[in-house]
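Just remember that our numbering sits 180 ahead of the position in the sequence shown, which is counted from 1. Working notes for the structure below.
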Amino acid sequence: MQMQRPLLPVLLDEADRLESAWCHRASLWLSSPARRQFFVTVSRLGDGPFWYGLILLDAFLAPILAFQQMLAALVCTLLYKWLKHRTARERPFVTHPGIPCHTPPLDRFSFPSGHSLHAVCLTLLTGLYQPLALIILLPFAASVLVSRVVLGLHYPSDVAAGSMLGILIGWLVHLAV
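Structure follows, in structure tokens:
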């Protein structure tokens, strides 16, 4: 008797197939060295340095916000690491050799995008307290989300799932604190 595969990996395999062409086209958009460097830089800042700087600044300007940001970042990290190991979705450049990897990933698996999760969550929390900060945060967060796909590191569904989880965690942390 053959065991049936869990539903989520089956759905992710089908999504891989449907999204691979889009990922390939998106990665070709980086044929310009300046564009490629911009997205590599944005992605690396989204690894943590930008968000650490924001939390440090908010520790002086809005301590309750900084506390919420730190709590949310911890929850986001624990959740995305747990989900990545549970789903074990390979990155687009691994599964589809025609998709180049423009920068090394921080970890092995793809689903969900931790960069997207953190970018959306921390942007949401900050915007609730400091709406003017959204002038900087929204374009930066959007660039981080786009960077994950064009660099060959994530499928669009990874970014969408990370973004939705970021909204959920941001609101839950805000309401809890």
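Just so you know, even glycine gets a beta-carbon here, dropped at the ideal spot from N, CA and C. These numbers come from a predicted model, not from an experiment.
If you draw a straight line from the alpha carbon of residue i to that of residue j, how long is it in whole angstroms?
| i | j | result |
| --- | --- | --- |
| D440 | S323 | Absent from the model: residue 440. The displayed extent of the chain is 181 to 357, so no value can be given. |
| G228 | P213 | 24 Å |
| S343 | A201 | 22 Å |
| P292 | P319 | 21 Å |
| P336 | P243 | 34 Å |
| F273 | S296 | 18 Å |
| L263 | H298 | 14 Å |
Among the residues of its own chain, which have a CB less than 7 Å from the CB of residue i, if the five just before and after it don't count?
| i | result |
| --- | --- |
| V330 | A206, S207, W209, L210, F219 |
| L352 | none |
| L325 | S296, A299, V339, S343 |
Closest to residue i by CA distance: which of the options is it?
| i | options | result |
| --- | --- | --- |
| G350 | T257, L198, S337, I316 | T257 |
| P285 | L312, R271, Y335 | R271 |
| W241 | G332, A321, A313, A341 | In the sequence as displayed, the identity of residue 241 is Leu instead of Trp. Taking only the C-alpha atoms, the option nearest L241 is A313. |
| Q248 | V300, L305, V326, I316 | L305 |
| T283 | Y232, C203, R224 | R224 |
| R266 | H204, P311, R288 | R288 |
| A409 | A239, Y232, R269 | Because residue 409 is not part of the residues shown, which for the chain are 181 to 357, the question remains open. |
| D238 | R215, T303, R328 | T303 |
| I316 | L234, L191, C203 | L234 |
How close, in whole Å, do the beta carbons of residue i and residue j come, if the pair is a contact with beta carbons under 8 Å?
| i | j | result |
| --- | --- | --- |
| G294 | Y260 | 4 Å |
| L251 | V357 | 7 Å |
Considering only residues of the same chain and omitting the five flanking positions on each side of residue i, which have a CB-CB separation below 6 Å?
| i | result |
| --- | --- |
| V255 | I349 |
| D338 | S290, F291, P292, S293 |
Which residues in the same chain have their Cβ closer than 8 Å to the Cβ of residue i, if we skip the five residues on either side of it in sequence?
| i | result |
| --- | --- |
| T275 | D196, S200 |
Report the residue ranges of all alpha helix (DSSP H) runs contained in full by the segment 283 to 330; include only those spanning at least 4 residues, in chain order. If we require 4 residues or more, the alpha helix (DSSP H) runs fully inside the segment 283 to 330 come out as 294 to 309, 314 to 330.
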